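Colleague:
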Amino acid sequence: MKTVSIDDVPSNRRRGGDIRVILSPATVGSTSGFMGTLRLAPAEVVTEHWHPYSEEYLFCVEGGITVRLDGRELPLRPNEGVHIPIGVKHRLMNDGDRPAFLVFALGPLAPRPELGHVDTEVLPGSAP
């Protein structure tokens, strides 16, 4: 058993924002899911995707975002959480004027990491 700091893991910006998977099979040997953080600056997004094997729990710590779930937009404000069921397309948007900080957890794990996410859009400004 060990602790892992947000500073111990690299930032993943492939889908947008600053995503850091802190507790995972790679960092702590977890077998049922993983947990991490997301920072979104104003006007940043996490592109739409879905999870074929995992449900996601998303909790807003600071700032606020809009979550699009299968086309339906919901505000997510500080101290609020949302459950994203398996198979639901979701996109996260910081349409406010302050940075947002969120914590997420997903489980169960996909049989292989490359099967964990299905992207349905490309990050604006990146090559397809």
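Mapping of the sequence shown onto the numbering used here: residues 697 to 824, in sequence order.
The beta carbon of each residue, even a glycine, is placed where N, CA and C say it ideally should be.
What you are looking at is a predicted structure, and each value in this text was computed from that prediction instead of being measured.
Could you tell me which of S707, R711, P738 sits nearest to I718, measuring between CA atoms?
Modeller: When each option's Cα is compared against that of I718, the closest is S707.
Colleague: Out of G812, P771, F797, V778, state which residue places its alpha-carbon closest to the alpha-carbon of G803.
Modeller: Among G812, P771, F797, V778, the Cα nearest to that of G803 is on G812.
Colleague: Using DSSP bridges, identify the partner residues of N708.
Modeller: Its beta-bridge partners are I715.
Colleague: Using DSSP's beta-bridge definition, name the partner residues of V784.
Modeller: According to DSSP, which records beta bridges pairwise, V784 is partnered with nothing at all.
Colleague: Rounded to whole angstroms, what is the Cα-Cα separation between R773 and T743?
Modeller: Rounded to the nearest angstrom, the two C-alpha atoms are 19 Å apart.
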